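Take a look at the structure set out below.
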Amino acid sequence: MSRTEILTGNQAAAEGAKLCHIQVVSAYPITPQTSLTEYLSQAIESGQLKAEYVRVESEHSALSVCIAASSVGARAFTSTSSHGLLYMHEQLHWAAGSRLPIVMCCVNRGVGAPWSIFNDQQDSISQRDTGWIQIYCRDNQEIIDTLIQAYRIAEIVKIPVMVCYDGFVLSHTMMPVEIPDAETVDAFLPPYHAHTILSPEDPRNINPVTFPWRRADQDGVMCDGYMELRYKLQNALEAAGETIATVSRDFAERFGRDHGGLLWHYRTEDADVILTGMGSIATEATMAVDALREQGIAAGVVGLRVYRPFPKAAVREAFRDARAILVMEKDISYGYEGALCSDLKAAFYGTGISAPIHNVVAGLGGRDVKARELAEVTREILARIAAGQPEGPTTWLNCRTDTPTE
Amino acid sequence: MEKTDPNIAAMCRPAPGEAGKTGDWRDLRPVIDHTKCIPSVKKRAACYLCWLFCPDGVVKPSIPVEIDLEYCKGCGICAEECPAKAITMIPEGGEGTT
Amino acid sequence: MPENLFKVNKEEYMLPGNRACQGCGLSLGYRYILKALRENTILTIPASCLTVLHGLYPTTSVALPCLNCTFASTAASASGLVAGLNALNRGDITVVAVAGDGGTYDIGIQALSGAAERGTDFIFVCYDNEGYMNTGTQRSSATPMGALTTTTPIHTKQQNKKDMLKIMEAHDLPYVATVSPAYPMDLYDKFVKAKRIKGTRYLQMSAPCPPGWGFPPKDMVKLSRLAIETGMFVLFEVENGRFSFTGRSKTLAQKGKRLPVINYLERQGRFRKMSLEQLGQIQRWVDGKWNEYVRRAEAN
């Protein structure tokens, strides 16, 4: 039987992991993810969850444990934030290149220097090149639902999945969450069968040095060089969008909740200006849109749920009729602009989409993002566009920018 | 149709000669004098220190002892360790070699 | 086949035609490590000479299952294998991590200490060629004092070799031991014993490296013996804190006299710039360690 409880984001994630019958957990404490690992420790030691918990001495080791456990055929889970994610950076590449269906929760938190323990998305977004699927949750219900979907997706496409949600904003905020019925989850998520062969019955050497060129094996079969293996990863990621959408629909049918697959719309049917973002900022944007609509501005939100693989086709479709686009994000690719903004512009290349695109960098290091601020910046941009100036520098929302920078 | 690599991650299968015919690495080749080699002299299993100390496991502890010259790297440890001084390292391409 | 001649598993898991150098100390030792471990084993190895010995895609020179991992993560990789196998009720399989001195003493030490502290049920093998040999002989904390390496190319290594064995003993492990390719039977027996013990087992192997140390490949076994004759390398095992010499080191402790270290050092090109003062320091360091071992053996 499903039941509704008031849960924080971390609690929701823990409940999701339990329902997925994870077999190996390895994680290291880091704010604001720590309580997730504590709930899992509690679940394991009390007998609720039958799993091995490896209390590693670092995040780098946490993901190393998951890689090995997954390679040998166990369903593995980890979670982290910020510097923990950065510390396991080389292992992120390794897990994706190994094609392992590990699921990790990244509880989004800003990175140093200087230290910040508060929310932004620099941590996970800076890892976008590693080959992981990235899904951003906008509320605690989506966290538990996405975690369950994540294992199914990962084990079909054989790519690790990062389930991202905003630190403190979601991880520590209580919301009503329907915890799905365990039997329905079991029917939705079959047991894991590894593609990696790591057993005495069939000895293999996994992930050795690989030459730049292709090379014949002992039977004369021309085997991949490094580049082919990496091409296979990219190819699988591109195809994964389809699987993500299918799994999302299947979940919706069985559990009655649809979080949108690759992206979701809010009041975009007749929208002139579209606000877009990932995670809780997109939810905030829906409130801004309600306010704008009351003022007669036809605004809407496209909430991006899946960041990698970048849903190029879906995005082209969603923004096709926009007359202005505001990209709101809690990250920046230093030396250039917000990563989501760049990715969107690149997706529009070659299409007829020529609406002005404005980048709003918001909420870095946990600075509060208010719906009315989003509404205000939207009005400002629209006014500027109307005055014949579609181009403009990135807005740093509610940030003092007149202090000397040198 | 050409068979393609089914692996999505790099998984190798065991086989000898991964580095090719490592016999090509030699500039010195071991030659056994079976009139001195203890198992040959005693006509039974004995000694076999060459087998014991070969880093590549290319010595066959038979009677007479055989060295797999396809893979022998010519390190010379067998010659060094032979208590009967039955093994000599001769230059590859020298007299008695092809 | 020599029946009953050498009481070892006759199966060769290390296949010929591999990429190890001529006369490689690791190569000889590894043959016997694998013989002792047998088929019901899963190995995990980091970036190192052994990675190259295991071979490049799509073929491997080792007929046992092996998971390659990143340089720092060997013991964590092993921990993951143990956890995964336990979760799958295949805890009967022996998990063995095999790393070089870099992957043990230096970049790998954090994960190793973590795994050992948790009492992870696996065997960790350090093959010690006393430097980062796979990348061309750079200095590691396992490099002895006075040695030339590419990162100590003029002044030589200034510090004594780090006592990794003492560090591992500090984790209260059930089994810590040293092995050498010069004494394959002693090596084999220790691995057979280690396989039967539960908990974290740490074995350190002397792995003389002809190109890195500067000696001809043919002298590898002789040099391995000299290391033991001089006390630069000591054969021993520590079972639940109880120390005992083994093999040749036991004989030396009981009746023989150790050779002065110069006999060992002068045969290697890497020590050609060592100063007399360093030689004295090394001899005193070796004497000190040896005497401590003797005291521990006598205390039993």
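Top to bottom, those sequences are chains A, B and C. Counting with my numbering, you get residues 1268 to 1673 for the letters of the first sequence. Counting with my numbering, you get residues 692 to 789 for the letters of the second sequence. Counting with my numbering, you get residues 6 to 305 for the letters of the third sequence. Just so it is clear, CB atoms sit at the ideal spot from N, CA and C, and this is done for glycine as well. Only a predicted model underlies this, so the values are computations on that prediction, with no experimental measurement involved.
Whose C-alpha, out of the options, is nearest the C-alpha of residue i?
{"i": "A:Val-1424", "options": "A:Val-1514, A:His-1327, A:Met-1442", "result": "A:Val-1514"}
{"i": "A:Thr-1477", "options": "C:Thr-155, C:Ala-116, C:Ala-52", "result": "C:Ala-52"}
{"i": "A:Ser-1547", "options": "A:Cys-1431, A:His-1356, A:Glu-1495", "result": "A:Cys-1431"}
{"i": "A:Thr-1662", "options": "A:Val-1627, A:Thr-1645, A:Ile-1648, A:Glu-1640", "result": "A:Val-1627"}
{"i": "A:Asp-1635", "options": "A:Ser-1328, A:Glu-1551, A:Arg-1395", "result": "A:Glu-1551"}
{"i": "A:Ile-1369", "options": "A:Gly-1398, A:Arg-1376, A:His-1350, A:Ala-1580", "result": "A:Gly-1398"}
{"i": "C:Arg-253", "options": "C:Trp-295, C:Leu-228, C:Asp-191, C:Arg-201", "result": "C:Asp-191"}
{"i": "C:Ser-304", "options": "C:Arg-247, C:Val-197, C:Ile-267", "result": "The sequence shown places Ala at residue 304 of chain C, not Ser. Cα-wise, what sits closest to C:Ala-304 is C:Arg-247."}
{"i": "C:Tyr-188", "options": "C:Ile-38, C:Gly-107, C:Lys-223", "result": "C:Ile-38"}
{"i": "A:Ile-1410", "options": "A:Asp-1396, A:Arg-1395, A:Gln-1394, A:Met-1429", "result": "A:Met-1429"}
{"i": "A:Ile-1624", "options": "A:Gln-1394, A:Gly-1633, A:Arg-1587", "result": "A:Arg-1587"}
{"i": "A:Ala-1585", "options": "A:Ile-1541, A:Met-1595, A:Tyr-1616", "result": "A:Ile-1541"}
Using a 10 Å radius around the Cβ and a threshold of 16 neighbouring Cβ atoms, would you call residue i buried or exposed?
{"i": "A:Asp-1491", "result": "buried"}
{"i": "A:Asn-1502", "result": "exposed"}
{"i": "A:Glu-1282", "result": "buried"}
{"i": "B:Glu-757", "result": "exposed"}
{"i": "A:Ser-1269", "result": "exposed"}
{"i": "A:Leu-1664", "result": "buried"}
{"i": "A:Ser-1621", "result": "exposed"}
{"i": "A:Ser-1313", "result": "exposed"}
{"i": "C:Leu-281", "result": "exposed"}
Shorter than 7 Å, the distance from the beta carbon of residue i to the closest heavy atom of the ligand GTP, or not?
{"i": "A:Leu-1437", "result": "What this structure holds is no ligand at all, so the ligand GTP is not there to describe."}
Taking 8 Å as the CB-CB cut-off, is residue i touching chain A?
{"i": "C:Asn-73", "result": "yes"}
{"i": "C:Ser-78", "result": "yes"}
{"i": "C:Gly-89", "result": "yes"}
{"i": "C:Ile-172", "result": "no"}
{"i": "C:Arg-123", "result": "yes"}
{"i": "B:Asp-715", "result": "no"}
{"i": "C:Val-103", "result": "no"}
Kindly indicate which three-state DSSP category residue i falls into: helix, strand or coil?
{"i": "C:Leu-198", "result": "For clarity, residue 198 of chain C is Lys in the given sequence; the question names Leu instead. If DSSP states are grouped into helix, strand and coil, C:Lys-198 belongs with the helices."}
{"i": "A:Tyr-1574", "result": "strand"}
{"i": "A:Ala-1591", "result": "strand"}
{"i": "A:Glu-1673", "result": "coil"}
{"i": "C:Thr-225", "result": "For clarity, residue 225 of chain C is Met in the given sequence; the question names Thr instead. Correct three-state label for C:Met-225: helix."}
{"i": "A:His-1532", "result": "strand"}
{"i": "A:Gln-1389", "result": "helix"}
{"i": "A:Gln-1705", "result": "Nothing can be reported for residue 1705 of chain A, as the shown portion of chain A is limited to 1268 through 1673."}
{"i": "C:Gln-143", "result": "strand"}
{"i": "C:Asp-191", "result": "helix"}
{"i": "C:Phe-127", "result": "coil"}
{"i": "A:Tyr-1354", "result": "helix"}
Does the CB of residue i have a neighbour CB from chain B at under 8 Å?
{"i": "A:Arg-1342", "result": "no"}
{"i": "A:Pro-1470", "result": "yes"}
{"i": "A:His-1460", "result": "no"}
{"i": "C:Lys-12", "result": "no"}
{"i": "C:Lys-195", "result": "no"}
{"i": "C:Tyr-62", "result": "yes"}
{"i": "C:Cys-342", "result": "Residue numbering for chain C in the displayed model covers 6 to 305; residue 342 of chain C lies beyond these limits and cannot be assessed."}
{"i": "C:Ala-175", "result": "no"}
{"i": "A:Ser-1337", "result": "no"}
Between residue i and chain C, is any beta-carbon pair separated by less than 8 Å?
{"i": "A:Phe-1577", "result": "no"}
{"i": "A:Pro-1479", "result": "no"}
{"i": "B:Asp-747", "result": "yes"}
{"i": "B:Leu-760", "result": "no"}
{"i": "B:Ala-710", "result": "yes"}
{"i": "A:Ser-1466", "result": "yes"}
{"i": "A:Ala-1318", "result": "yes"}
{"i": "A:Asn-1474", "result": "yes"}
{"i": "B:Gly-767", "result": "yes"}
{"i": "B:Arg-704", "result": "yes"}
Are three or more beta carbon pairs between the region 141-155 of chain C and the region 82-90 of chain C nearer than 8 Å? The region 82-90 of chain C and the region 141-155 of chain C do not touch, with fewer than three beta-carbon pairs separated by less than 8 Å.
Touch test, the region 166-182 of chain C against the region 12-25 of chain C, Cβ-Cβ under 8 Å, three pairs minimum: no
Can we say the region 1335-1344 of chain A touches the region 75-85 of chain C, given the rule of at least three CB pairs closer than 8 Å? yes
Quick check: the region 34-51 of chain C against the region 68-76 of chain C, are there 3 or more CB pairs under 8 Å? These segments touch.
Specify whether the region 1553-1562 of chain A and the region 1602-1618 of chain A touch according to this definition: at least 3 beta carbon pairs, one from each stretch, less than 8 Å apart. no
Are at least three pairs of beta-carbons, each pair with one atom in the region 18-37 of chain C and one in the region 212-228 of chain C, less than 8 Å apart? Yes: at least three Cβ pairs fall under 8 Å.
Any chance the region 1413-1427 of chain A sits against the region 1454-1462 of chain A, with 3 or more Cβ pairs inside 8 Å? Enough Cβ pairs lie closer than 8 Å, so yes.
If you pair each beta-carbon of the region 255-266 of chain C with each one of the region 59-74 of chain C, do three or more pairs fall below 8 Å? The region 255-266 of chain C, when compared against the region 59-74 of chain C, does not touch it at the 8 Å Cβ threshold.
Is the region 1352-1359 of chain A close to the region 1324-1331 of chain A, with three or more CB pairs under 8 Å? The answer is yes - the region 1324-1331 of chain A touches the region 1352-1359 of chain A, with three or more Cβ pairs under 8 Å.
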